[in-house]
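**Student:** The opening residue of the sequence shown carries number 47 in this note's numbering; numbering runs sequentially from there.
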Amino acid sequence: MSVNPVIFDHPLIQHKLSFVRDKTTGTKEFRELISEIAALMCFEATRDLPLVESQVETPMGPCKTRVLCGRKLAVVPILRAGLGMVEGILSMIPLAKVGHIGLYRDHDTHLPVEYYSKLPADINERDVFVLDPMLATGGSAVDAITMIKQKGASSIHFMCIIAAPEGLEALSQAHPDVRVYCAALDECLNENKYIVPGLGDAGDRIFGTR
Numbered sequence: 047m048s049v050n051p052v053i054f055d056h057p058l059i060q061h062k063l064s065f066v067r068d069k070t071t072g073t074k075e076f077r078e079l080i081s082e083i084a085a086l087m088c089f090e091a092t093r094d095l096p097l098v099e100s101q102v103e104t105p106m107g108p109c110k111t112r113v114l115c116g117r118k119l120a121v122v123p124i125l126r127a128g129l130g131m132v133e134g135i136l137s138m139i140p141l142a143k144v145g146h147i148g149l150y151r152d153h154d155t156h157l158p159v160e161y162y163s164k165l166p167a168d169i170n171e172r173d174v175f176v177l178d179p180m181l182a183t184g185g186s187a188v189d190a191i192t193m194i195k196q197k198g199a200s201s202i203h204f205m206c207i208i209a210a211p212e213g214l215e216a217l218s219q220a221h222p223d224v225r226v227y228c229a230a231l232d233e234c235l236n237e238n239k240y241i242v243p244g245l246g247d248a249g250d251r252i253f254g255t256r
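#1: Could you check the C-alpha separation between residue 208 and residue 108 for me, to the nearest Å?
#2: Considering only residues of the same chain and omitting the five flanking positions on each side of residue 75, which have a CB-CB separation below 8 Å?
#3: Which residue's Cα is closest to the Cα of residue 160: 129, 168 and 150?
#4: Return the CA-CA distance between residue 244 and residue 210, expressed in angstroms with no decimal places.
#5: On the CB-based measure, 16 or more other CB atoms within 10 Å of its CB, does residue 206 come out buried or exposed?
#6: Helix or strand or just coil, what does DSSP make of residue 160?
#7: Could you tell me the alpha carbon to alpha carbon distance between residue 111 and residue 90, rounded to whole angstroms?
#8: Hey, residue 86 and residue 124: beta-carbon distance below 8 Å or not?
#9: Do the stretch 129-145 and the stretch 181-191 meet, that is, are 3 or more Cβ pairs less than 8 Å apart?
#10: Which one or two residues does DSSP pair with residue 100 in a beta bridge?
#11: Do residue 139 and residue 176 have their beta-carbon atoms positioned less than 8 Å apart in this structure?
#12: Hey, out of 233, 217 and 192, whose CA is closest to residue 226's CA?
#13: Note down the Cα distance separating residue 234 from residue 240, rounded to an integer number of angstroms.
#14: Per DSSP, residue 89 is paired with what?
#15: Between residue 14 and the rest of its own chain, which residues show a CB-CB distance below 6 Å, the 5 nearest in sequence each way excluded?
#16: Could you give the distance in angstroms between the alpha-carbon of residue 93 and the alpha-carbon of residue 170?
#17: With DSSP run on the structure shown, which of helix, strand or coil describes residue 229?
#18: Quick check on this structure: which residue in 246, 96 and 146 has the alpha carbon closest to the alpha carbon of residue 68?
#19: If I follow the unbroken beta strand (DSSP E) through residue 221, where does it start and stop?
#20: Going along the chain, which unbroken runs of the beta strand (DSSP E) with 3 or more residues stay wholly within the stretch 184-224?
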């Protein structure tokens, strides 16, 4: 495998992931946990954002500080499950712009089918974080990133909660320049292309559908 994902082993992330995997976890708690994990992952994934020196006045006088150097960010969830990660990311980066890419997996071919795309007009000027809780076959991630690159973006990261080796390999082959962040690398895909042990269908569990 040519890609080396960043796997977050932080205790808080791993603790919350245990409840996300549990099939008895209800929709409300599941949705909240996905958002919380995304926020914690965002904290780590943005560790390398550049800073510049600034100065503020505290109640006691002037103070040299450091602030982000004007880097523009965007988050692009892959619909629909990726929506579950957006609130957590925005809680950390409230000024980020949000785009949307709609893809669904054909149940017969297991291939992604596009049905919606709306991206910030200045996507080519932004660091982009593509969001999807599950990286299974990698088809949706590959297609979404291809669409974003076609709009001129060159700094792209992919953030998922659980990845399968097959998905990582597919994403690496198609987009070796994209950094992948995840909370767990699972064993494999089953015959229905679901991640094992995974957590089931993330979209259904986030939105309470079947």
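All residues carry an ideal CB built from backbone N, CA and C; glycine is no exception.
Every value quoted in this text rests on a predicted model; they were computed, and no experiment measured them.
**Tutor:** A quick look at the data gives this:
#1: Along the sequence shown, read from residue 1 onward, the residue named residue 208 stands at position 162. Along the sequence shown, read from residue 1 onward, the residue named residue 108 stands at position 62. Each residue's Cα considered, the two are about 45 Å apart.
#2: Locating residue 75 in the sequence shown gives position 29, where the first residue counts as 1. Only 65 meet the Cβ criterion.
#3: Within the sequence shown, the letter at position 114 stands for residue 160. Distances from the alpha-carbon of residue 160 to those of 129, 168 and 150 put 150 closest.
#4: Taking the sequence shown and counting its residues from 1, one reaches residue 244 at position 198. Taking the sequence shown and counting its residues from 1, one reaches residue 210 at position 164. Looking at the two C-alpha atoms, the distance is approximately 9 Å.
#5: Taking the sequence shown and counting its residues from 1, one reaches residue 206 at position 160. Buried.
#6: The residue you call residue 160 lines up with position 114 of the sequence shown. The three-state secondary structure of residue 160, taken from DSSP, is strand.
#7: Here residue 111 refers to the residue found at position 65 of the sequence shown. Here residue 90 refers to the residue found at position 44 of the sequence shown. Their backbone Cα atoms lie some 21 Å apart in a straight line.
#8: Position 40 of the sequence shown, counted from the start, is the residue given in the question as residue 86. Position 78 of the sequence shown, counted from the start, is the residue given in the question as residue 124. In this structure, residue 124 does not lie closer than 8 Å to residue 86 by Cβ.
#9: no
#10: For the purposes of this step, residue 100 is taken as residue 54 along the sequence shown, with counting starting at 1. 111, per the DSSP bridge assignment.
#11: For this step, residue 176 is matched to residue 130 along the sequence shown. For this step, residue 139 is matched to residue 93 along the sequence shown. No, the pair does not count as a contact, with Cβ atoms beyond the cut-off.
#12: Start at 1 with the first residue of the sequence shown, and residue 226 comes out as number 180. Ranking 233, 217 and 192 by Cα distance to residue 226 puts 217 first.
#13: For the purposes of this step, residue 234 is taken as residue 188 along the sequence shown, with counting starting at 1. For the purposes of this step, residue 240 is taken as residue 194 along the sequence shown, with counting starting at 1. If I take the Cα positions, the gap works out to 8 Å.
#14: In the sequence shown, the residue the question calls residue 89 occupies position 43. Bridge pairing for residue 89: absent [DSSP].
#15: Absent from the model: residue 14. The displayed extent of the chain is 47 to 256, so no value can be given.
#16: Counting from one through the sequence shown, the residue named residue 93 turns up at place 47. Counting from one through the sequence shown, the residue named residue 170 turns up at place 124. Roughly 22 Å between the two C-alpha positions.
#17: Reading the sequence shown from its first residue, position 183 is the one you call residue 229. DSSP places residue 229 in coil when its eight states are reduced to three.
#18: As a working mapping, residue 68 is identified with position 22 in the sequence shown. With distances taken between Cα atoms, residue 68 lies closest to 246.
#19: Position 175 of the sequence shown, counting from 1, holds the residue named residue 221. Run containing residue 221: none; DSSP gives neither H nor E here.
#20: 201-205
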